[in-house]
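Input: a single structure, listed below in structure tokens.
In this note's numbering, the protein residues as written are 111 to 292.
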């Protein structure tokens, strides 16, 4: 496998699983909340170069790429991750009101009662619940609080998101308690 750095603006869409049959079909494991982004004719970036989706069956999670035409070729791309750019993702995926892509939330400030608690450094999903990994603000580190902490991304903790601000500002409640007890 070609080992090169993944550009920051690439968003993971799916991971290629084992090969199926003799014509280059593969299992495809969705890594996105947007299955509609997998459409025949769409091209995806990968460690092996761009791959164009010939067809995708969401019910069977099977796919075929135009560039892959044999079982041997399919075996070479097993475990390969498919990516789209942030711009391609925004164009292909329609969000509900007050919903955001993860890449739009990463880097946001976490503010509670006017105090900056930290910055969103990454997002993880455990048991169908998204959690924001917060890198604690340096002013709070002087109080010997943890360097990072997790907060659930739900209405109990997230009051609102100032989406026009750059970086975004996420107003929270009860999150300082989580930080202090982490």
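Just so you know, even glycine gets a beta-carbon here, dropped at the ideal spot from N, CA and C.
The alpha-carbon separation between residue 262 and residue 283 amounts to approximately 11 Å. In this structure, residue 192 lies near residue 156, with their beta-carbon atoms less than 7 Å apart.
With contacts defined by Cβ atoms closer than 7 Å, residue 218 and residue 286 do not form a contacting pair. Residue state for residue 184 is assigned as helix, using DSSP reduced to three classes.
In the three-state reduction of the DSSP assignment, residue 147 falls in the helix class. Cβ contact annotation for residue 250 (same chain, cutoff 6 Å, sequence separation greater than five): none. In this structure, the straight-line span from the alpha carbon of residue 134 to that of residue 194 is close to 22 Å. Residue 126 sits away from residue 178, with the two beta carbons spaced by 7 Å or more.
DSSP places residue 255 in the coil class of the three-state scheme, outside both helix and strand.
The continuous beta strand (DSSP E) containing residue 239 extends over residues 239–246. DSSP places residue 135 in the strand class (E or B) of the three-state scheme. Within the same chain, and ignoring the five residues on either side of residue 145 in sequence, the residues whose Cβ sits closer than 7 Å to its Cβ are 168. Per DSSP, the continuous beta strand (DSSP E) segment holding residue 269 begins and ends at 268–272. With fewer than 16 other beta carbons inside 10 angstroms of its own, residue 116 counts as exposed. Nearest Cα to residue 245 within the set 164, 176, 226, 123: 226. When DSSP states are grouped into helix, strand and coil, residue 236 belongs to the strand group. Put simply, the backbone Cα of residue 138 is about 13 Å away from that of residue 164.
One thing to note: residue 129 has its Cβ within 7 Å of the Cβ of residue 181.
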